[in-house]
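Enquirer: In this note's numbering, the protein residues as written are 55 to 139.
Don't be surprised by glycine CBs; every beta carbon is placed ideally from N, CA and C.
In this text the structure is predicted, and so the values were computed from the model without any measurement.
One structure follows; several queries about it will come next.
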């Protein structure tokens, strides 16, 4: 697998993280800043905790919120910021 193809494959769950609806906020209301914060803070956590979850329909966000306590502190903060909006 080429590097660019591998990078694209690993990016899909991160895009789904930002594209899927969160309980208190949908993707339509996510700002670019919030989406970037999630990508930055949660990329390793998504791979580790929810790597087996098929992206789409908010499944990755739901998975991450369900495993928030296991996530790194920066990812917990990014997820917490979504639910406060």
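Roughly how many angstroms separate the alpha carbons of residue 100 and residue 114, rounded to a whole number?
Expert: Roughly 8 Å separates the two Cα atoms.
Enquirer: Taking only three categories from DSSP, how would you classify residue 107?
Expert: Residue state, collapsed to three classes: coil.
Enquirer: Beta carbon of residue 117, beta carbon of residue 133: below 8 Å?
Expert: Cβ atoms of residue 117 and residue 133: not closer than 8 Å.
Enquirer: Per DSSP, what kind of secondary structure is residue 112 in: helix, strand or coil?
Expert: Note: residue 112 maps to coil in three-state DSSP.
Enquirer: Given this structure, state the Cα-to-Cα distance separating residue 108 from residue 92, to the nearest angstrom.
Expert: Taking the straight line joining both Cα atoms gives about 18 Å.
Enquirer: Comparing C-alpha positions only, which one of 98, 112, 90, 136 sits nearest to residue 125?
Expert: The residue with the shortest Cα to Cα distance from residue 125 is 98.
Enquirer: Answer with buried or exposed for residue 95, where buried requires no fewer than 16 other C-beta atoms within 10 angstroms of its C-beta.
Expert: Classification for residue 95: buried.
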